[in-house]
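Working notes, beginning with the structure itself.
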Amino acid sequence: DFKQSVLTALLPDVLGGSCRTLVVTTIPPADYKANSFTLQFAQLFRQLRNFPVVNDGRQVALNRKFSNQMHLMKQQIASSGGRGLETDGRLTDYLMEIHKLGKKIIEDENVRVALLEEREQLRERVAQINARVNTLLVEKGQLQQDRIASEEEKLKVSKVLVDLQIENASLLEQAVDKEFQLENKLLQQENDIMELEMAGQAKNKKIDTLQLQHHSDLELIDDMKGELAAVRSNYSSVLNDLDAEKARCEELSIELLNLVNAKNALLRERDQVR
């Protein structure tokens with residue numbers, strides 16, 4: 008719609024008429040905002056499409072020429088009072104030529120109107136195409152945004168996958184370390200079990216040895232008990248013999264004492280006798 012702006016309202020034929028239009032835009036070197044507006048303006052003008060129709064200047068010149076000639080002929084007819092066959096013949100020829108020229112002008116006008124209608128149809132079609140293009144651009148922008156969102160989502164998923172892989176690798180490493188520690192601990196426990204089994208076997212052997220020694224000690228104790236009983240019986244008999252010997256010794260001591268006393272008495276008597 009050319010009425011939306013003052014500039015487009017003043018230049019409808021230049022922007023969308025039967026013209027070939029060239030737009031030249033210039034930008035200053037250090038004004039970003041003005042440069043952006045100018046480039047947007049040039050981009051909008053670039054989207055315009057004109058369908059120019061060639062104007063035949065010869066028809067316009069002939070129309071003007073014959074109009075002038077008709078005016079002169081009318082003045083001559085008015086001045087001569089309508090007399091003269093030559094003037095009538097020339098006037099008839101001019102009228103015939105004017106009629107043909109008018110017919111041709113009408114045909115050209117019809118062609119021009121048809122071309123204008125075709126131009127309007129093409130303009131409407133171009134407007135529809137531009138609307139479709141704008142819709143497609145909007146859809147493309149939306150698709151690009153969706154694609155960017157999809158790429159961002161893909162990046163997030165990739166990051167999550169990488170984090171999961173790192174975590175999985177860490178967990179796998181921890182599991183391997185733990186498995187290695189458990190294997191070492193299991194081997195240590197197996198070694199401890201083997202050592203305990205060997206210690207148990209040694210203890211069993213020692214127990215067996217002690218049991219054998221105990222049996223032998225029991226047998227020895229039984230033997231010693233028998234010997235002790237014999238020793239006790241011998242000891243009793245020895246004690247009895249000792250008591251008897253003691254009694255005998257006491258008797259002998261008494262006899263010896265008596266003999267000593269008797270000897271001493273005899274010696275005293277002998278001494279007295281002398």
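Following the working numbering, the numbering of the sequence shown begins with 8 at its first residue and continues without gaps. The C-beta atom is built at its ideal place from N, Cα and C for all residues, glycine as well.
Q: Check residue 89 in the structure and name its three-state DSSP category.
A: Low local confidence applies: a pLDDT of 48 at residue 89 is under 50, so the model's placement there is unreliable, with the coordinate-based value given in what follows. Coil.
Q. Hey, how far is the Cα of residue 121 from the Cα of residue 45?
A. 37 Å
Q: Give the secondary structure of residue 54 by DSSP, where H, G and I count as helix, E and B as strand, and everything else as coil.
A: coil
**Q.** Expected contact under 8 Å - CB spacing of residue 28 and residue 48 to nearest Å
**A.** That pair is no contact at about 14 Å.
**Q.** Residue span of the alpha helix (DSSP H) that contains residue 37, given as start and end
**A.** Premise fails: residue 37 is in no alpha helix (DSSP H) and is neither H nor E.
Q) Which first and last residues belong to the alpha helix (DSSP H) in which residue 31 is found? A) Where residue 31 is concerned, there is no enclosing alpha helix (DSSP H), given that its DSSP letter is neither H nor E.
(Q) Which residue wins for smallest C-alpha separation from residue 26, given the options 181, 51, 56? (A) 56
Q) By how many angstroms is the C-alpha of residue 202 removed from the C-alpha of residue 322? A) It is not possible to answer for residue 322, since the shown part of the chain is limited to 8 through 281.
Q) What residue range is occupied by the uninterrupted alpha helix (DSSP H) comprising residue 17? A) 13 to 17
Q | Length of the line joining the Cα atoms of residue 19 and residue 42 | A | Approximately 25 Å, taken between the alpha carbons.
Q: May I have the straight-line CA-CA distance separating residue 223 from residue 267, to the nearest angstrom?
A: 60 Å
Q | Where residue 255 falls, given that 16 or more other Cβ within 10 Å makes a residue buried | A | exposed
Q. Can you list, in chain order, the residues of its chain whose CB lies under 7 Å from that of residue 52, leaving out five sequence neighbours each side?
A. Beyond the five residues adjoining it in sequence on each side, residue 52 comes within less than 7 Å, by CB distance, of 30 in the same chain, given in chain order.
**Q.** Backbone CA spacing between residue 136 and residue 35 [nearest angstrom]
**A.** 34 Å
Q: May I have the straight-line CA-CA distance separating residue 187 from residue 176, to the nearest angstrom?
A: Cα to Cα, the separation comes out at about 16 Å.
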